[in-house]
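Comments concern the structure below.
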Amino acid sequence: MPNVFAQAHAAELQRHLAALTGHEHAHVRPYGKHLLIQLHRDDDVDAVARLTEVARNKYTVAFRSHTGRWEPLPAAAAELKQAAQLVTTLLAPYLEP
């Protein structure tokens, strides 16, 4: 079971994503030291991106390629809000409902 801090960070990231994308189809789920950004379309759930906590409140970002591997995005570790902006900027087509 994810700890309370991971759940709080997931909820915060989900709020940032909703504000930046203008919709609430992207959901965030804590998974160990990761925050998975999943897009819900009809009955399908696609993992689009993953934030990994590398230091206290610092995250790196990766996206899931067509091969299923996690590929890092070209950015330094950032705080949660900055990481959300990076995800919505670079992965905008993947976050459309």
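Position one of the sequence shown corresponds to residue 6 (the numbering used here), numbered consecutively onward. Think of the CB as a built atom: it goes at the ideal place given N, C-alpha and C, for glycine as much as any other residue. If you're wondering where the values come from, they're calculated on a predicted model, not measured in any experiment.
Cβ distance (whole Å) where residue i is taken to contact residue j below 8 angstroms
| i | j | result |
| --- | --- | --- |
| L91 | A80 | 5 angstroms |
| P2 | A15 | Because the chain in this structure spans residues 6 to 102, residue 2 falls outside the shown range and cannot be described. |
| R55 | L44 | The Cβ separation is near 13 angstroms, so there is no contact. |
| H26 | L78 | First, the amino acid is wrong: residue 26 is Thr here, not His. With 8 angstroms as the limit, T26 and L78 do not qualify as a contact, their Cβ atoms being about 17 angstroms apart. |
| V33 | L96 | At roughly 14 angstroms, the Cβ-Cβ gap does not stay under 8 angstroms, so V33 and L96 are not in contact. |
| R4 | P98 | With the chain covering 6 to 102 only, the question about residue 4 has no answer from this structure. |
Span separating the alpha-carbon of residue i from that of residue j
| i | j | result |
| --- | --- | --- |
| E84 | A67 | 15 angstroms |
| A31 | V9 | 21 angstroms |
| E29 | T57 | 22 angstroms |
| L103 | G37 | Residue numbering for the chain in the displayed model covers 6 to 102; residue 103 lies beyond these limits and cannot be assessed. |
| R69 | E76 | 6 angstroms |
| K2 | D51 | In this structure the chain extends from 6 to 102, so residue 2 is not present and cannot be described. |
| T93 | D48 | 23 angstroms |
Exposure label - residue i; buried when at least 16 CB within 10 Å
| i | result |
| --- | --- |
| R74 | exposed |
| H21 | buried |
| T72 | exposed |
| A24 | exposed |
| A13 | exposed |
For residue i, the residue or residues it bridges with in DSSP
| i | result |
| --- | --- |
| E76 | F68 |
| Y36 | H39 |
| E58 | Y64 |
| V53 | For V53, which the question treats as bridged, DSSP gives no partner whatsoever. |
The ligand FMN heavy atom lying under 7 angstroms from the CB of residue i
| i | result |
| --- | --- |
| E101 | As far as ligands go, the structure on display features none, and thus does not contain the ligand FMN. |
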